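Protein chains in written order, with my numbering: chain A, 1 to 168; chain B, 1 to 194.
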């Protein structure tokens, strides 16, 4: 395939999917620079690997898996599994990023205390808008497991919200 | 949506859904495209470089062969050195060719800095396989270098071979595995006769 055509394909794909993938990465990492680096690496890996991007079977699934793995690598490099809750609110953030960072903090706090798999099931379903079937493929577990993880997580979140209301 | 369970999950989902608009910066798209363009350029340059290296290698071997296959008076009168013979025996390896005056060896490699180097050994210098290997291994001290090809050109003097097969039988084939020490990567080893 012609180089120019490949570049045009990539440019179209980046324009269509970059915000979606950026949100995916930001909601796990909480820093614009790092989230954008992860997205950049994901697109470039795809570009290097495939001669024709249109031939990639289920491109969205590929991108989500790739960016999800990149986020896990990000935490591995920092010898941790998730972002530390105590530090997220203080994290330096550009003025223009204030709104998205507040959303990140709010949702991360809601998911705090959940086992990692349950929190991830909620993120993938509510934030990344994946269906349970797609999450099952991504996490390589049965669909029923994803649904039960999700149910447990929602119940847990609701209980903790009630407790907070009662305290007030 | 009348099911209270469904309603409850839908409410929670709404609560968990981010309200702010997440937008990657415009610079990100530019950065990705610049990187992709740089990679395609690099890939193209690599193809050209390999072609150039192969051509340079052949040219050096061809020209070197003509020049060094011509023995000087001093060369023909020089007796075989006992010490060199000893090295060969101790290492149980064969000389690259029957006579050191008739050999040209060329190693062409690539540094990560993309600078091409051409490493030659020729008549007038010690031309035994062990020494040439040692010399290649010494390149290994510089880990940024990899070898693309080694050409050994040899032509025993005054011998007319009837066929290419006969000629190749006279030359000692060099086992590529011998060069594959850590950091020295060989794509090919060729023995050529001019």
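Glycine residues also receive a C-beta, built at the ideal position from the N, C-alpha and C atoms.
Everything numeric in this text was worked out from a predicted model, so none of it was measured.
Proximity to residue 75 of chain A across A/115, A/124, A/19, A/38 peaks at A/38, based on C-alpha coordinates. Taking one beta carbon from each stretch, the region 91-105 of chain A and the region 9-16 of chain A have fewer than 3 pairs nearer than 8 Å; the two do not touch. For residue 3 of chain A, the number of other beta carbons within 10 angstroms of its own is below 16, and it is reported as exposed. Contact note: residue 16 of chain B reaches chain A through 107, 110, 111, 122, 123, 125, 126, 127, 154, 157, using a C-beta cutoff of 9 Å and chain order. Neighbourhood of residue 26 of chain A in chain B, by CB distance below 8 Å: 22, in chain order.
Listed along the chain, the chain B residues whose CB falls inside 8 Å of the CB of residue 2 of chain A amount to none; the nearest CB is some 10 Å away. Closest by C-alpha distance to residue 21 of chain B, out of A/100, A/123, A/137, A/107, is A/100.
Residue 12 of chain A carries a helical assignment under DSSP once its states are collapsed to helix, strand and coil.
Residue-level contact check: residue 36 of chain B touches chain A, since one or more beta carbons of chain A fall below 9 Å from its beta carbon. Taking 9 Å as the cut-off, the beta carbon of residue 121 of chain A is found closer than this to the beta carbon of residue 153 of chain A. Annotation: the region 23-89 of chain A contains the following complete segments of the alpha helix (DSSP H) (minimum length 4 residues), in chain order: 32-49, 59-77, 85-88. By the CB criterion at 9 Å, residue 157 of chain A and residue 12 of chain B fall inside the cutoff.
Residue 19 of chain A and residue 31 of chain B do not touch by the CB rule: their CB atoms are close to 15 Å apart, not below 8 Å.
Taking the C-beta atoms as reference points, residue 16 of chain B is found nearer than 9 Å to residue 126 of chain A. Using a CB distance cut-off of 9 Å, residue 7 of chain B does not count as an interface residue toward chain A. At a cut-off of 9 Å between beta-carbon atoms, residue 63 of chain B makes no contact with chain A. Shown here for residue 62 of chain A: same chain residues with a beta carbon closer than 6 Å to its own, the five before and five after excluded, namely 56 in chain order. For residue 161 of chain A, the secondary structure class from DSSP, reduced to helix, strand or coil, is helix. Minimum Cα-Cα distance from residue 141 of chain A among the listed residues A/117, A/109, A/47 corresponds to A/117. Of the candidates A/64, A/97, A/73, the residue whose Cα lies closest to the Cα of residue 131 of chain A is A/64.
One finds nothing in chain B with a Cβ atom closer than 9 Å to the Cβ of residue 55 of chain A; even the nearest lies about 17 Å away.
Bounds of the alpha helix (DSSP H) holding residue 121 of chain A are 116-122.
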